[in-house]
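A.B. asks:
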Amino acid sequence: MMPEHEVRRAIIREWMSFPKEKRQREEQAASFATKVTARLTSIQNPHQRIMRWLLPRSRQIMKCHALRREQAIVVGAGRSSVTQRR
-2 MMPEHEVRRA IIREWMSFPK EKRQREEQAA SFATKVTARL TSIQNPHQRI MRWLLPRSRQ
58 IMKCHALRRE QAIVVGAGRS SVTQRR
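This is the structure we're talking about:
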């Protein structure tokens, strides 16, 4: 059996290999965690442990998308006000 840190790295690597749109929501992370819990048989609450590993990476994507949306709104608002002045 692999040490926990190697299993953790393998699971995170597998998670990060998914397209961004398939690893954005907490529900997607939970589904993935359920599928890979068999790899952590010697650990108590493997699902919870995997979720702790995955959620920060999911939230980073969500924050990035939210920031892009905010920037698009600001840029869009700036463009509309410029076109209205002309």
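Under this note's numbering, the residues of the sequence shown are numbered -2 to 83, in order.
Ideal Cβ positions, reconstructed from N, Cα and C, are used throughout, including at glycine.
Is isoleucine 8 helix, strand or coil by DSSP?
C.D. replies: Assigned with DSSP and collapsed to three states, isoleucine 8 falls in helix.
A.B. asks: Pick from Leu52, Ile47, Arg22: whose alpha carbon is nearest that of threonine 31?
C.D. replies: Ile47
A.B. asks: In three-state terms, what does DSSP make of methionine 85?
C.D. replies: It is not possible to answer for residue 85, since the shown part of the chain is limited to -2 through 83.
A.B. asks: Can you tell me where the alpha helix (DSSP H) holding lysine 17 begins and where it ends?
C.D. replies: Neither: lysine 17 is in no alpha helix (DSSP H) and is coded neither H nor E.
A.B. asks: I need the DSSP call for serine 39, collapsed to helix, strand or coil.
C.D. replies: Note: serine 39 maps to coil in three-state DSSP.
A.B. asks: Quick one: Cα of asparagine 42 to Cα of tryptophan 50, how far?
C.D. replies: 13 Å
A.B. asks: Less than 8 Å between C-beta atoms, sequence neighbours within five positions excluded: which residues of the same chain meet that for serine 55?
C.D. replies: Arg20, Gln21, Arg22, Glu23, Gln25, Ala26
A.B. asks: Identify the continuous alpha helix (DSSP H) that holds threonine 34 and give its terminal residues.
C.D. replies: Where threonine 34 is concerned, there is no enclosing alpha helix (DSSP H), given that its DSSP letter is neither H nor E.
A.B. asks: Should phenylalanine 29 go down as buried or exposed, given a rule of 16 or more other Cβ atoms within 10 Å for buried?
C.D. replies: buried
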